[in-house]
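Student: When we follow this note's numbering, the leftmost residue of the sequence shown carries the number 40, and every step to the right adds one. Built from N, CA and C at the ideal position, the CB exists for glycine as well. Please find one structure pasted underneath; my questions will follow.
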Amino acid sequence: MTEEQSQNPEFRRQLELEQRLSSYGERVDVARSFLLG
Numbered sequence: 040m041t042e043e044q045s046q047n048p049e050f051r052r053q054l055e056l057e058q059r060l061s062s063y064g065e066r067v068d069v070a071r072s073f074l075l076g
């Protein structure tokens with residue numbers, strides 16, 4: 040991440056959103072494998 044990007048609130052909000060979605064996706068995968076397994 041560049042200095043300019045780190046100062047950009049919109050960019051940071053997008054980054055946080057993607058991280059939250061990816062961690063949520065991992066939990067969904069775990070739950071699905073648990074239910075199917």
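(1) In this structure, how does DSSP classify G76 when only helix, strand and coil are distinguished?
(2) Give me the Cβ distance between F50 and Q44, rounded to the nearest whole Å; I'm assuming they're in contact under 8 Å.
(3) Just the C-alpha distance for M40 and E65, rounded to the nearest angstrom, thanks.
(4) If you draw a straight line from the alpha carbon of L54 to that of G76, how long is it in whole angstroms?
Tutor: In short, the structure shows the following:
(1) coil
(2) 5 Å
(3) 24 Å
(4) 33 Å
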